[in-house]
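Chemist: Sharing a structure here in structure tokens format.
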Amino acid sequence: MRMNVNNISNTAILNKEEGTDIRKQLGNLSSSQWAWALSIFWYPYMLFEPVATLTLKRFSPNIWMSRIMFTWGIVSMCQAATHNYSGILACCFFLGMAEAGYPQTVDFLSEDECAAILADLPQQAPTMRAKTFDTDQVKSLFKSATFFPFLMIWTTHGIGGWGISFVLPTVIYELGISNTAVSQVLTVPPFALVFLILMSLAYFIHHGYLSHWVAGLGVEGIQIICYILLINVKQPVAKYIFVMIATAASQSFFAIIWPERIRVAKGTTTAGLAIGMTNASGQLMGIVGPQIYQPKFGPTYRISYACSIALLAMCLGAVLSTWHFVRKGDAKGMTMQETEDGVLVA
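In structure tokens, the structure reads:
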């Protein structure tokens, strides 16, 4: 389903050599106009994501996901028929709105299987039978020391790390390695590398050799190094290698840290809002990212890389502070549990 978000980025260089690329067909769009065409999708997506997450309490996941696929398909067909700037803006906006946005209710599991799955979940895990909206949980969410640091992580990494992915075909093409067709193919290796990185890190994390936080810090550090090298290196093939590594690292980061974001959220309402608001803040990557990586900054994109370095440095600080607060909360929770079990006497 996420293909439609990146399709417009891939079309950016189609038929560029023949002079009939999409920017010209839509009326010779300027660098700024094209950036808006890429980013407008994310405004409604960010706005409706928290609401859509809570809506799952009223509609079952299969109904809600079917609604998303149906409306997404309609808007995508309309997008193919656009011939001007205002048309592509309107379609991308409604596409973002269409996309914005359980063991106890499934039919394919037996009662014993459902019970086994639910028994394996932590006590604070969300549940379909919990209150639809708990104001006490909302208050506790905003009072949590980890709430705003998590938002900072998703915002700074989203813009600084993911920003390049929205214009990746254009960045690779402007390296001058080959034509547009080969440049499209060269967008595949970065995402294949994502698979290798995540599988490797998952193994080490699962077996206790690494924590989520250490892995996340390492991935962020690699991206910063790659962007520094991209500012200084001039050889096209070397620059492509660094672009590939930076892109793969950026795509891996959220998957590494996300389990900690879910684990820290306690309660159904808390989890719904935390997931929705964290995801919503992450959508700033689609709003600001294309603005940072506008075509006018190419082919070197030094200004863009410098912005990414600054944002990723801020993300490193946010990761360290969040890790500190999570460890502090875990220690407090263990102490309270031991007290309840009678191990400690207050």
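Per the numbering used here: the sequence shown = residues 444 to 789. Glycine included, C-beta positions come from ideal geometry on N, C-alpha and C.
Under a three-way DSSP split, which group does glycine 732 fall into?
Modeler: It is helical.
Chemist: Just to confirm, are tyrosine 736 and serine 724 a CB contact at a threshold of 8 Å?
Modeler: Result no, Cβ atoms of tyrosine 736 and serine 724 do not sit closer than 8 Å.
Chemist: Buried or exposed: which applies to isoleucine 700, given that a residue is buried once 16 or more other Cβ atoms fall within 10 Å of its Cβ?
Modeler: Buried.
Chemist: One question on the structure: do leucine 618 and tyrosine 683 come within less than 8 Å of each other, judged by their Cβ atoms?
Modeler: It is a contact, given that the beta carbons lie within the stated cut-off.
Chemist: What is the DSSP secondary structure of serine 587, counted as helix, strand or coil?
Modeler: Serine 587: coil per DSSP, three-state reduction.
Chemist: Can you name the start and end residues of the alpha helix (DSSP H) that threonine 525 belongs to?
Modeler: Note, threonine 525: premise wrong, no alpha helix (DSSP H); not H, not E.
Chemist: Quick one: is histidine 600 buried, meaning 16 or more other Cβ sit within 10 Å of its Cβ, or exposed?
Modeler: The residue in question, histidine 600, is buried, as its Cβ has 16 or more Cβ neighbours within 10 Å.
Chemist: Let me make sure I understand the geometry here. Which of Leu672, Ala645 and Tyr670 has the alpha-carbon closest to that of phenylalanine 696?
Modeler: Closest option to phenylalanine 696, Cα to Cα, is Ala645.
Chemist: Can serine 693 and tryptophan 605 be called in contact, C-beta distance under 8 Å?
Modeler: Yes, the Cβ-Cβ distance between serine 693 and tryptophan 605 is below 8 Å.
Chemist: Taking the CB atoms as reference points, tell me whether glycine 603 and serine 751 lie closer together than 8 Å.
Modeler: Result yes, Cβ atoms of glycine 603 and serine 751 sit closer than 8 Å.
Chemist: Relative to the alpha-carbon of isoleucine 451, which residue among Ile531, Met489, Leu490 and Ala698 has its alpha-carbon at the smallest distance?
Modeler: When only C-alpha atoms are compared, the closest one is Ile531.
Chemist: Rounding to the nearest angstrom, what Cα-Cα distance links tyrosine 744 and isoleucine 465 in this structure?
Modeler: Tyrosine 744 and isoleucine 465: Cα-Cα distance of roughly 21 Å.
Chemist: Out of curiosity, what's the CA-to-CA distance linking isoleucine 456 and valine 610?
Modeler: Taking the straight line joining both Cα atoms gives about 10 Å.
Chemist: Using CA coordinates, which residue listed in Ile607, Gly539 and Ala753 is at the minimum distance from glycine 516?
Modeler: Checked all of Ile607, Gly539 and Ala753; the closest Cα to glycine 516 is Gly539.
Chemist: Roughly how far, in whole angstroms, is the beta-carbon of valine 707 from the beta-carbon of glycine 659, given that I think they are within contact range, below 8 Å?
Modeler: The pair is not a contact, with the Cβ atoms about 14 Å apart (cut-off 8 Å).
Chemist: Kindly list the residues whose CB is nearer than 7 Å to the CB of asparagine 505, restricted to its own chain and excluding five residues on each side of it in sequence; keep chain order.
Modeler: Cβ within range, chain order: n/a, list empty.
Chemist: Please state whether DSSP places asparagine 458 in a helix, a strand or coil.
Modeler: Three-state result, asparagine 458: coil.
Chemist: Identify the continuous alpha helix (DSSP H) that holds asparagine 675 and give its terminal residues.
Modeler: 655-675 is the span of the alpha helix (DSSP H), which, as asked, contains asparagine 675.
Chemist: Going by beta carbon distance, what residues of the same chain come within less than 7 Å of tyrosine 528, once the five residues before and after it are set aside?
Modeler: So the qualifying residues of the chain are Leu469, Gly470, Leu472 and Gln476.
Chemist: Would you call the stretch 718-733 in contact with the stretch 624-638, where contact means no fewer than 3 C-beta pairs closer than 8 Å?
Modeler: These segments do not touch.
Chemist: To the nearest angstrom, how far is it from the Cα of phenylalanine 536 to the Cα of histidine 650?
Modeler: Roughly 43 Å separates the two Cα atoms.
Chemist: When burial is assigned at 16 or more other CB atoms within 10 Å of the CB, is proline 733 buried or exposed?
Modeler: Proline 733 comes out buried.
Chemist: Can you list, in chain order, the residues of its chain with a C-beta nearer than 6 Å to that of serine 808? Leave out the 5 residues immediately preceding and following it.
Modeler: The chain is shown from 444 up to 789; residue 808 falls before or after that span and cannot be answered.
Chemist: Please check the pair alanine 689 and tyrosine 670, which I expect to be a contact at CB under 8 Å, by giving their CB distance rounded to whole angstroms.
Modeler: Sure, about 6 Å apart at Cβ, within 8 Å.
Chemist: Starting from the N-terminal side, write out each stretch of the beta strand (DSSP E) that is 3 residues or longer and does not extend beyond the stretch 622-646.
Modeler: Whole beta strand (DSSP E) segments, 3+ residues: zero.
Chemist: Does DSSP put valine 788 in a helix, in a strand, or in coil?
Modeler: The predicted model places valine 788 with a pLDDT of 44, which falls under 50 and marks its position as unreliable; any figure quoted below should be read in that light. Residue state, collapsed to three classes: coil.
Chemist: Alpha carbon to alpha carbon, how far is threonine 623 from glycine 462? Give it in angstroms, no decimals.
Modeler: If you take the alpha carbons of glycine 462 and threonine 623, they lie about 12 Å apart.
Chemist: State yes or no: is the C-beta of valine 662 within less than 8 Å of the C-beta of leucine 673?
Modeler: No.
Chemist: Cα-Cα, which of Ile648, Ala756, Gly729 and Leu754 is closest to tryptophan 485?
Modeler: Nearest C-alpha to tryptophan 485: Gly729.
Chemist: Below 8 Å between beta carbons: does that hold for isoleucine 589 and valine 762?
Modeler: Contrary to the premise, residue 589 reads as threonine rather than isoleucine in this sequence. Cβ distance not < 8 Å, so threonine 589 and valine 762 don't count as in contact.
Chemist: Under 6 Å Cβ to Cβ from proline 679, same chain only, skipping five residues before and after it: list those, please.
Modeler: Taken in chain order, the residues that qualify are Leu618, Gly619 and Ile620.
Chemist: For glutamine 666 and alanine 717, I'd like the C-alpha separation in whole angstroms.
Modeler: Cα-Cα distance, rounded: 26 Å.
Chemist: Would a C-beta distance cut-off of 8 Å place phenylalanine 798 and leucine 653 closer than the cut-off?
Modeler: For the chain, the structure presents residues 444 to 789; residue 798 sits outside this window and is missing.
Chemist: Let me know the secondary structure DSSP gives asparagine 471 once reduced to three states.
Modeler: Looking at asparagine 471 - three-state DSSP - the assignment turns out to be coil, as it is neither helix nor strand.
Chemist: With C-beta atoms as the reference, is leucine 727 less than 8 Å away from threonine 598?
Modeler: A contact, by the Cβ cut-off of 8 Å.
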